[in-house]
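Enquirer: Take a look at this one; I'll ask things after.
Residue numbers (UniProt numbering): 1 to 1084.
Below, the structure is given as structure tokens:
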């Protein structure tokens, strides 16, 4: 694909510039954007609306033969500011980059093509890019996990983007790191020699790959009796409210199609009643046991309670629910069971043909989470074996043909809800609306004061805002009628004088549409296009975040205009955007006096989130800043206006690490956000993006199955195959995943299989091993499960169990987002004191949980003193109990103690390094940034407790190593979350899969070192998995590698409950604990 060529991408202009649209290089964009969005003058060599950074005007030239290339213009100075006379200086590394939307979309499409096709090794960008465009390509490539390099000179200087880091000659860089010196202390060396003398011969090696038991294991989850519950003869009587719901008119059609077809798709708008009523239709039609899945815990609980109330039964009897750590149902008597999709998957792992259910209802299948897509595959395999099983897929009105085709063209029933009209406004509409002189703004009438009464069904008597919010989330009552508002005085499009053009009682839709039409009539299409294009050039292309200034300007416009009452819901990407918007609003005392500001974010406490559902202060309008948590499942009753920034935080797998990006959402997300404005009354949705950008968004978000590591999925597939005795009708992992709605790529499947084989969970034929069979039954990812098992073997089970359960859920400490530097430092010091460590963030988490348990009678005070979140700790404690029970059921006893002693802490840190591998990174002592295996630069999280001593004179070639729990990728930097120091001895004994002695004389190079083994000494290189390199004495290396092999085989015996060498294995673990502790003390 050739780059677009009809724009002058070098962006003209320079000098000082006097207009608001002269750009960053020719007069910074005016912060008070609501006052004027007119184009300004570009000083120096360029003039007109599109002037921006850079001096002088670029000459237009085209490449020969092919499509015209990008223009190359003169750069600004080193700070990125266009000088008066131009110049060719390079822009500063932190300088914002102004680029056209067309160029940004072009780069995105090129990198996506490289990402989607692993057979393509590199991508080339043309030599005609200017400095801004080059810097943008380099940054975006790194963000997506690629390496980039500019080669050549002048007009032949191209950018190459590759998967692996390359040299200037485009050859791959060796992954081997500079050697880390490892010289054993005399006590450790003598102790190791003593152990080998006591046990000169290694115990007979047991088979490294052992098959699971011949009979399936009993599930640790609740099972159901073979007999179905009794079906009462008296049908349920529906209330007037139930019969008034839109879905009730389709009751007969749904039941008739369900009797005739195994699968039925029901598509319904928000508010039609499908989630609460269709399961009841099935019960009253004679269904014996119906299971309904929900993607979220809250939805499963609240819907179960709602249905139980409508049927006038106690929750847990005829109607119940089951979610992780909480359940209210009777296996013998419950006929309608709501659960999360993951719980259903656990039940199916021990009942592969779903014999316990007559009906399976999957709700919200359009969200395409990994569990829902997995269950869809499984149902396709189950249905031929269960001709009487009925499946109903419930979805929003998107991708209906896809779901129907997936099940052989099954029928679709569409139910229209009570959606009120919503006026969509895009960037050009927004710029036109707010391009008005302040004198035309009229006073805003007082906002409506809302009480604790549901505006949809008139229910009242709620205890607090939280109870009201929970009710509203599942309420499908009568319509809300927005309070009437006075007529709006609009400026005449020709004279600018005020005239009455909107009649009293008009909806907000009509009012805004009338205002917009009047202003559009006074503006030419060319002017509007110029506003949009120039606005886009004021945005930092590298930032990729939310334009807080424009959001606040739009908020001010809504608040000060007479469009009508109602709350404003603002969708942003993350907390940093919330803080930026809040700060700008706080600087406007007039605006803050007219609003009640609330926030919805997953890391906020429950009381803070409840404020979003409550009433605003008298005489103010409620403004809610929210992430995509507010897209579905919840309803804020008084929302009339939505501001959709079009962004969200999205996780993806980059180089094996979790990367968190701020990205554009899909068109389906935009539709969901728009729908929040029309849930209870006519509304308006302001999409802060151009219509062009909206139309190029993907129709739907990438299914989770395509964006995650497949290790856990593959293991679950093989457990199902094992439990079903290979009778489900698929022959391989590949065949199963190819049946997905959107199959994951082959390389992702192969990578997961290879990872599980290295872990010992799959054998050479991809069948489950004994270890894999155990890992598949645990409620944690396979790598985490194996790490906890290793902790059990190494006598640090409790440290590993508590830490891993915590980090698979949430950090228990109060988030430092929004804190001052002083508060962050105080929080960090509290963590160090609590954990009594400066070497492990993981063990600090364990200390927090330990203290919470020990101070159970004064938990609130303990949490307040140590910056902890009590509700999070309570949940984690429940997860620990459940996972501990799962381990106990597999034959591994409960934790012995809850105390990290000085002897146990180094061993726990070593096990963390082994279990988190390959999440290791290194740096030269005394430097700041770390480097990963793939040669990416990474920073430690600012909240880490790790402390390093100053560099010593003999540390010329020393390296610091850490393991980390997770990697987060922002738009400009990679950050390792939750880290622990790793000693060289721990790596030699426990870390990695294959370790060899390499006594060759080849050199090892990276950007800072070039080292060869010294031939005059007995030093050798111990190489682990062909990238970690340790420099050791030859005899010591031989001894350590022999003990490493013994340790591995002893661990396998522990996994298999093999006591044939119990004495040797116990002494080995005890001795290793002292060796690791002694060497860690020497390193510190």
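The C-beta atom is built at its ideal place from N, Cα and C for all residues, glycine as well.
#1: Give the straight-line distance between the Cα atoms of residue 558 and residue 520, rounded to the nearest whole angstrom.
#2: Assuming residue 122 contacts residue 162 under a Cβ cut-off of 8 Å, what Cβ separation, rounded to an integer in Å, is found between them?
#3: Kindly indicate which three-state DSSP category residue 663 falls into: helix, strand or coil?
#4: How long is the line joining the alpha carbons of residue 613 and residue 303, rounded to whole angstroms?
#5: Hey, is the region 804 to 813 in contact with the region 921 to 931, meaning 3+ C-beta pairs nearer than 8 Å?
#6: Sorry if obvious, but does the Cβ on residue 403 come closer than 6 Å to a heavy atom of the ligand GTP?
#7: Tell me the DSSP bridge mates of residue 563?
#8: Alpha helix (DSSP H) containing residue 198: first to last residue?
#9: What is the DSSP secondary structure of residue 359, counted as helix, strand or coil?
#10: If the criterion is Cβ atoms closer than 7 Å, does the pair residue 250 and residue 410 meet it?
#11: With a Cβ-Cβ cutoff of 7 Å, do residue 282 and residue 359 count as a contact?
#12: Just verifying my parser: in three-state terms, what is the DSSP assignment at residue 160?
#13: Based on Cα-Cα distance, which residue from 1030, 757 and 535 lies nearest to residue 429?
#14: Is the region 872 to 882 touching the region 985 to 1002 in the sense that three or more CB pairs, one from each, lie closer than 8 Å?
#15: Between which two residues does the alpha helix (DSSP H) harbouring residue 429 extend?
#16: Where DSSP assigns a beta bridge to residue 390, which residues make up the other side?
#17: Would you give the residue range spanned by the alpha helix (DSSP H) that residue 701 belongs to?
#18: What first and last residue would you give for the alpha helix (DSSP H) that runs through residue 716?
#19: Am I right that residue 279 and residue 361 are in contact with their C-beta atoms under 8 Å? What's the rounded C-beta distance?
#20: Return the CA-CA distance between residue 867 and residue 820, expressed in angstroms with no decimal places.
#21: Apart from the five residues on each side of it in sequence, which residues of its chain come closer than 7 Å, Cβ to Cβ, to residue 339?
#22: So, at 7 Å on beta carbons, what are the nonlocal neighbours of residue 1025 in its own chain, with the 5 sequence-adjacent residues on each side left out?
#23: DSSP three-state call for residue 275: helix, strand or coil?
#24: Per DSSP, what are the beta-bridge partners of residue 923 in this structure?
#25: Below 8 Å on the Cβ atoms is my guess for residue 99 versus residue 133; work out the distance and round it to an integer in Å.
#26: How many angstroms separate the CA atom of residue 979 from the CA atom of residue 938?
#27: Just reading off the beta strand (DSSP E) that residue 1028 is part of, what are its end residues?
#28: Just curious, the alpha helix (DSSP H) that residue 770 is in, first and last residue?
#29: Output needed for residue 532: all residues of its chain with C-beta closer than 7 Å, excluding positions within five of it in sequence on either side, in chain order.
#30: Using DSSP with H/G/I as helix, E/B as strand and the rest coil, what is residue 853?
#31: Suppose you measure from the CA of residue 755 to the CA of residue 384; what does that come to, to the nearest Å?
#32: Based on Cα-Cα distance, which residue from 653, 716 and 590 lies nearest to residue 116?
#33: Tell whether a beta-carbon distance below 7 Å holds between residue 646 and residue 422.
#34: Find the nearest neighbour of residue 1065 within the set 331, 670, 199 and 575, judged by alpha-carbon distance.
#35: For the candidate residues 319, 154 and 413, whose alpha-carbon lies nearest to that of residue 269?
#36: What number of angstroms, rounded off, separates the C-alpha of residue 230 from the C-alpha of residue 237?
Expert: For this structure:
#1: 18 Å
#2: 5 Å
#3: strand
#4: Taking the straight line joining both Cα atoms gives about 18 Å.
#5: Using a Cβ-Cβ distance cut-off of 8 Å, the region 804 to 813 and the region 921 to 931 are not in contact, since fewer than three pairs of beta carbons, one from each stretch, lie closer than that value.
#6: Ligands displayed in this structure: none; no statement on the ligand GTP is therefore possible.
#7: Per DSSP, none; premise fails for residue 563.
#8: Note, residue 198: alpha helix (DSSP H), 186 to 198.
#9: strand
#10: no
#11: yes
#12: strand
#13: 535
#14: Contact between the region 985 to 1002 and the region 872 to 882 is absent, because fewer than three Cβ pairs lie under 8 Å.
#15: Annotation for residue 429: the continuous alpha helix (DSSP H) segment containing it runs 427 to 434.
#16: Paired residues: 359.
#17: Taken as a continuous stretch (DSSP letters only), residue 701 belongs to no alpha helix (DSSP H), as it is neither H nor E.
#18: 711 to 723
#19: Between residue 361 and residue 279 the Cβ distance is about 6 Å, and since that is below 8 Å, they are a contact.
#20: Just so you know, the alpha carbons of residue 867 and residue 820 end up roughly 15 Å apart.
#21: 291, 293, 300, 321, 322 and 323
#22: 992, 993 and 994
#23: In the structure shown, residue 275 sits in a helix (DSSP, three-state: H, G or I).
#24: 960, per the DSSP bridge assignment.
#25: 7 Å
#26: 12 Å
#27: 1028 to 1033
#28: 770 to 775
#29: 427, 428, 431 and 690
#30: The three-state reading of DSSP puts residue 853 in helix, counting H, G and I together.
#31: Going from the Cα of residue 755 to the Cα of residue 384 covers about 33 Å.
#32: 653
#33: no
#34: 199
#35: The residue with the shortest Cα to Cα distance from residue 269 is 413.
#36: 18 Å
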